[in-house]
Amino acid sequence: MFKLILVGTVHLDPEGRGGLYNIIENLRPSILTVEISKFSVRYRLSNQEKWLLRLRDLKYKLPEERRNHPGLKLLKLQLHTPFEWDVAHKYSKANNVPCFAIDSGHLARNELPLWKSELLSRKNLLKITDEPDFDLDNHFSECHSLAKIVLTTPNHLPNMHHLTWLSDRFGEKREKTLARRIRSIHENGLLNPGPSSRTGIHHVHICGWMHLITEAPWKTLTDLLLGLISKRIFLTRKGNCEPTVERLAIYGTQDQFFNFSSL
Numbered sequence: 003m004f005k006l007i008l009v010g011t012v013h014l015d016p017e018g019r020g021g022l023y024n025i026i027e028n029l030r031p032s033i034l035t036v037e038i039s040k041f042s043v044r045y046r047l048s049n050q051e052k053w054l055l056r057l058r059d060l061k062y063k064l065p066e067e068r069r070n071h072p073g074l075k076l077l078k079l080q081l082h083t084p085f086e087w088d089v090a091h092k093y094s095k096a097n098n099v100p101c102f103a104i105d106s107g108h109l110a111r112n113e114l115p116l117w118k119s120e121l122l123s124r125k126n127l128l129k130i131t132d133e134p135d136f137d138l139d140n141h142f143s144e145c146h147s148l149a150k151i152v153l154t155t156p157n158h159l160p161n162m163h164h165l166t167w168l169s170d171r172f173g174e175k176r177e178k179t180l181a182r183r184i185r186s187i188h189e190n191g192l193l194n195p196g197p198s199s200r201t202g203i204h205h206v207h208i209c210g211w212m213h214l215i216t217e218a219p220w221k222t223l224t225d226l227l228l229g230l231i232s233k234r235i236f237l238t239r240k241g242n243c244e245p246t247v248e249r250l251a252i253y254g255t256q257d258q259f260f261n262f263s264s265l
């Protein structure tokens, strides 16, 4: 029987790439899906270099004291194709395993064409660099800490502001679209393990960690796919005195944290 495994990540984390690849290698999936749309992949590949050049040019027109603001480094990470897709696609090519971008694409179609004029404008860069300075590594560590609290605390956090995107019609529809496309892969017999011993019988879906939440005020991907999911994995950073693999006691199925350094 084919098993659906959800792997949750912190988007943009520059340390996520290697850990994610090793998790996929360990799971040996027969198919990969990623929370990104085909439109987004194509559009980003066509425009990424131009975006990065524009950011470089705009940055060096800023006052010198603003040029190394961590907000600009975060923006640069955003302009690259998400590491989740890069890693899955790399594994797909190396192991002859199908890899599909299955997000709806509506958000990307609305936002990506505006990046050049709005996200990459002098006005926006000045706004970003007006914000207080912060440590980028600490920023991602805090993101991981928040995710761990939400995923391991019964009833989660009282303030679910980071999930409010699910409360509008678009967010709800997007989550249902992702769930429907994943179910379609299972129902239409697309999960065919190859002859290679390197290929298992797993369908691995890579997504942001918030899709792993259950029992929130709004239905997440996990809620919509509870009958199919055999395991949820959250890719986290290694902290002081943390075990390499930590079971999530509040879940009934097999759910784990994987630390980058343990793989």
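In my numbering, the protein residues as written are 3 to 265. Just so it is clear, CB atoms sit at the ideal spot from N, CA and C, and this is done for glycine as well.
Taking L148 as reference, the option from F4, T11, I7, N28 with the minimal CA-CA separation is T11.
Nearest Cα to I25 within the set I38, E37, F41, L8: L8. In the structure shown, S232 adopts extended strand secondary structure according to DSSP, grouped into three states. Restricting attention to beta strand (DSSP E) runs no shorter than 3 residues, the region 61-95 encloses none. Excluding residues up to 5 positions away in sequence, T83 lie with their Cβ nearer than 6 Å to the Cβ of R46 in the same chain. Secondary structure note for T154: its alpha helix (DSSP H) is the uninterrupted segment 138-154. In this structure, the alpha-carbon of V36 lies about 8 Å from that of D105.
Look at F41 here: in three-state DSSP terms it is helix.
Counting along the chain, the unbroken beta strand (DSSP E) around K5 starts and ends at 5-11. Non-local C-beta neighbours of H141 in its own chain, meaning closer than 6 Å and more than five positions away in sequence, are absent. Per the coordinates, the alpha-carbon of T216 lies some 13 Å from the alpha-carbon of K150. Counted as a single uninterrupted DSSP element, the stretch harbouring L114 is not any alpha helix (DSSP H), since DSSP gives it neither H nor E. One alpha carbon belongs to P100, the other to L138, and they sit about 34 Å apart. For S143, the closest of L74, L6, L14 by C-alpha to C-alpha distance is L14.
Note: T35 is bridge-paired with F102, H207 in the DSSP secondary-structure output. The beta carbons of A90 and L34 sit closer together than 8 Å. If you ignore the 5 residues before and after R19, its C-beta comes within less than 8 Å of the C-beta of F85, D88, V89, all in its own chain and listed in chain order.
Counting the other Cβ atoms within 10 Å of the Cβ of F236 gives 16 or more, which makes it buried. By the Cβ neighbour-count rule, F4 is buried, with 16 or more other Cβ atoms within 10 Å of its own.
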